[in-house]
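Before any comments, here is the structure.
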Amino acid sequence: MNLVAHLVRKDWERVRLPLFAWYALIAGKAWCVWRLMQANDFETDLGLLGSLVGLLNGIEAVAGAMIVLQIAFEDKPWSGTAFASTRPIGRGQLLRGKAAGAFLFLVAVPVLLLAPVWLAAGFSLRDLGLAAADWALVQGLFVALGLLAGAYAREMWQVLLAVPVVGGVLLCCAVYLRREPAPPLWLSTLLALVVVGVGVVFAYQVRRRVSGLFVVVLGLAGVAGMGVPAASESFWMPVWPEAERAMRNRETRVEAAHRWGFIGYDSNGKGQCVIIAQSSRPSYPLLDTFRTPLRPAEVRLVSTDEGDEEQQLLPFRLGTVRAASLSVTRWELSLPEPSSGYAEERKVFMNAAIRCADTKSLPNP
Amino acid sequence: MNIIETQGLTCRYGRHEAVHALDLAIPAGGVTALLGANGAGKSTTIKLLMNLIVPSTGRASVLGVDSRRLGPAEFRRIGYVSENQELPRWMTVGRFLDYCRPFYPRWDRVLERTLLDQLDLPLDRRLDQLSRGMLMKAALLSSLAYRPELLVLDEPFSGLDPLVREEFVKSILEVSALGEWTVLIASHDIEEVERFCDRVVLLDAGRKRIDESTEALQARFRRVEVSLHEEPKGGLALPKSWHGFERAGQLVRFVESAYDGLGTEAACRTCFPSASVVAHPMTMREIFIALARAGRAETKNASAVAVA
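Which chain is which? The protein sequence lines are A and B, in order.
Reading the first sequence from the start, the letters are residues 108 to 472 in the working numbering.
Reading the second sequence from the start, the letters are residues 257 to 564 in the working numbering.
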């Protein structure tokens, strides 16, 4: 058997239990968000659910990196005590074995696992490709970071100590050195991936830990300094064309995976009548230009009555659940100023919304 | 042909010199013991030879290849067992052997079975459930089944209780008979090593003190006891080969490192004209202790001279 495949098989046996748990986490989140896409109830608190799923997303990323760390720790490339150091395993073979295993377990298998979910959610081929590329880029970076940590650290505590310190340094670099406009997130991620990859190759092939660490920290500081797009102005104040387009064109569905659904109407804390709507779409934060607005942006409301003036609605995001390249957001849309009467508002909303939703699900106003 | 050669091999950790200008020439065949107290530089030497650390200066060659260039081709011919080696403890013994097998084209399944029987290893037990002795046996098995030309053992007896140690030594003696391998064993357990080594290299503070066959070493070392019948006249000019000279009443004791029967007796008569001389053979352990003490005394004297 090919020795690289032999190493991959051994690592699979080593980490299969945590990997199954990790796959279950991914599948669970995908199922959760897919179910939400089908739902149009008032009861689900998307704010809370979104926070919970966000936490699980973080756990998933960290757990993925830890699994890769475990794979790397199995056969440390430079250690004087590692079993592989005195066995007939070349450094290149070891690196290929570790990288292939990590890529297969944490990038390829999850993409295959998620592909049916994406297809069921109505992803087009383009969406599917973008989602897979996005997953590969994000998870690839975590895989590379895990390999990097496993290649340079002796023990787990060193990783736990180094991550906040290096993270803090990089954050400082990002704050003090960043330029406007920042490059796209995918470009920064790709550059970071290249820098980390160089560091990993340095550790496995050259076995110069200090020089390798220097290269990595300097490179990452450069990438961070070039600009973390999350800090750019354009990220915080995006346009929001989808909802407006749906309202203007009176669509309830653009594509299967790009939905804009009217759930109903409610009253908010100020006694205003508000529209509750839900949007769902493929989510690939690294590649997609569409971003969820974090500040209220205006949406033009088009009445069904001829001659009525266009009105402006203020969208307020109630919550977003984002997982497995799917995103479901629930909105509250209200007029900037309360109009004279509740009934009048209701009329305006219903006139506007009636074309935007499945009329059968609407209660009688 | 020498299977291991070093020239001026030196390794420094910061200001501390773990191995100093070591020149070694270990011929193929037989068992060579690398002896020394803790911190003498044995394990560092082994790590330098196995390309686990890079020498500060000097060079080493193993199987005719520069140690810094040891790669898969050479490691297929080398077996390495160390007390500190990290084995994949989550594997069972059987899985561990399955894992090792593909790395070695010359893996001998028949020898593997023989060794399994001799070492009495349970195939279905996980390595982390094995005792330390059994674990070392598993490591030994995984390093012997491909019939390596060179077997390197780094402190294999460390942490083993006497019974397990005895079993392990017995195993090594038994498996030694199964193949033609050169064994390099680094240990401070002299009594264990004495039983099967042909050649001894003694390290002290990173420097080579002795490098010769066990027979020659034991032949030239004697613990000499001199019973004085009368006080020697004048100052004593002791030969350099006398170590650990001590006197208790009329009894003088020292270790002769260049024992020569009549020659040694004649040297004693020169210093102590009226005395009876008895020379006792020494075990390797006694020789090692005598040399270690002599080494320390030399270092102390050298430091005193430097300070003065």
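Backbone N, C-alpha and C define an ideal beta-carbon position, used for all residues, glycine too.
- Under the three-state reduction of DSSP output, histidine 485 (chain B) falls in the coil class, being neither helix nor strand.
- The region 231-242 of chain A makes no contact with the region 145-163 of chain A, as fewer than three CB pairs between them are under 8 Å.
- When the beta-carbon positions are compared, leucine 547 (chain B) and leucine 458 (chain B) come within less than 9 Å of each other.
- Burial is judged here by how many other beta carbons sit within 10 angstroms of a residue's own beta carbon; leucine 155 (chain A) has fewer than 16 and is exposed.
- For glycine 197 (chain A), the nearest beta carbon of chain B is closer than 9 Å to its own beta carbon.
- Within the DSSP secondary-structure output, tyrosine 259 (chain A) pairs in no beta bridge.
- Residue range 258-269 is occupied by the beta strand (DSSP E) that includes isoleucine 259 (chain B).
- Linking glutamate 471 (chain B) to leucine 124 (chain A) through their CA atoms gives a straight-line distance of about 56 Å.
- Between the alpha carbons of arginine 333 (chain B) and isoleucine 196 (chain A) lies a gap of roughly 13 Å.
- Leucine 280 (chain B): member of the beta strand (DSSP E) spanning 272-283, first to last residue.
- When Cβ-Cβ separations below 9 Å define contact, tyrosine 269 (chain B) makes no contact with chain A.
- Restricting attention to A:Gly161, A:Val307 and A:Leu126, the CA atom closest to the CA of alanine 258 (chain A) is found in A:Val307.
- DSSP, reduced to helix, strand and coil, places serine 414 (chain B) outside both helices and strands of the structure shown, so it counts as coil.
- With the criterion set as a beta carbon lying under 7 Å from some beta carbon of chain B, the members of the region 109-132 of chain A are Leu110, His113, Lys117 and Arg121, in sequence order.
- For glutamine 379 (chain A), there is no enclosing beta strand (DSSP E), as DSSP marks it with neither H nor E.
- Judged by DSSP secondary structure, lysine 464 (chain B) falls within the beta strand (DSSP E) whose first and last residues are 463-469.
- One finds Leu308 in chain B with Cβ atoms closer than 7 Å to the Cβ of serine 192 (chain A), taken in chain order.
- Taking CB atoms only, alanine 168 (chain A) has no neighbour in chain B less than 9 Å away.
- Excluding five sequence positions before and after cysteine 524 (chain B), the CB atoms of its chain that fall closer than 8 Å to its own CB belong to Val480, Val482, Ala531 and Val533, given in chain order.
- By the neighbour-count criterion, in which 16 or more other beta carbons inside 10 Å mark a residue as buried, valine 282 (chain A) falls on the exposed side.
- Residues of the region 306-324 of chain A whose Cβ lies closer than 7 Å to any Cβ of chain B: none.
- In the DSSP secondary-structure assignment, valine 533 (chain B) is bridged to B:Val482.
- Serine 443 (chain B) and arginine 455 (chain B) have their C-alpha atoms roughly 13 Å apart.
- Annotated as proximal: threonine 193 (chain A) and methionine 306 (chain B), with beta-carbon spacing under 9 Å.
- The closest CA to that of arginine 121 (chain A), considering only A:Arg198, A:Lys205 and A:Val169, is found on A:Lys205.
- For phenylalanine 352 (chain B), the secondary structure class from DSSP, reduced to helix, strand or coil, is helix.
- Where tryptophan 185 (chain A) is concerned, there is no enclosing beta strand (DSSP E), because DSSP gives it neither an H nor an E.
- Shown here, tryptophan 363 (chain B) sits in coil according to DSSP, grouped into three states, outside any helix or strand.
- Put simply, the backbone Cα of histidine 272 (chain B) is about 34 Å away from that of proline 418 (chain B).
- According to the DSSP secondary-structure assignment, glycine 426 (chain A) is paired through a beta bridge with A:Arg437.
- When the alpha-carbon of lysine 183 (chain A) is set against those of A:Val303, A:Cys280, A:Leu268 and A:Ala310, the nearest one is in A:Ala310.
- In this structure, A:Leu433 is the residue among A:Ser441, A:Leu433, A:Arg437 and A:Ala384 with its C-alpha nearest to the C-alpha of isoleucine 133 (chain A).
- For glutamate 512 (chain B), the three-state secondary structure derived from DSSP is strand.
- Interface annotation, alanine 189 (chain A): in contact with chain B, CB-CB separation under 9 Å.
- Exposure of serine 318 (chain A) is indicated by the presence of fewer than 16 other C-beta atoms within 10 angstroms of its C-beta.
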